[in-house]
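Have a look at the structure below before the remarks.
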Amino acid sequence: MMRASFAAEQRLSLNRTGLKRLRRSGRLPGVVMGLNQESDMIHINPTSA
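Residue numbering for the sequence shown follows the UniProt record's numbering, beginning at 1 and increasing consecutively.
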């Protein structure tokens, strides 16, 4: 099995325009979800591995 790791930073809730700006700056927005836990909004830099 192959494993991957990445560094992520927590982000604030953004509207559509804010997410577009985030993507244009090279960041990748995402959401981490877990069972019986609150979701965390994150963004990562895909070029840093």
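We put the beta carbon where it would ideally sit given N, CA and C, even for glycine.
**OP:** Would you check if the distance between the CB atom of I42 and the CB atom of R11 is smaller than 8 Å?
**Re:** In contact: I42 and R11 (Cβ atoms closer than 8 Å).
**OP:** Quick one: give me the first and last residue of the alpha helix (DSSP H) that G18 is part of.
**Re:** Element bounds for G18: 16-24.
Subject >> E9 (DSSP reduced to helix, strand or coil) >> reply: Strand, per DSSP.
**OP:** Out of I44, A8, P29, point me to the one whose CA is closest to R16's CA.
**Re:** Cα-wise, what sits closest to R16 is P29.
Original post:
Over what stretch of residues does the beta strand (DSSP E) that includes L28 continue unbroken?
Top reply: Secondary structure note for L28: its beta strand (DSSP E) is the uninterrupted segment 28-32.
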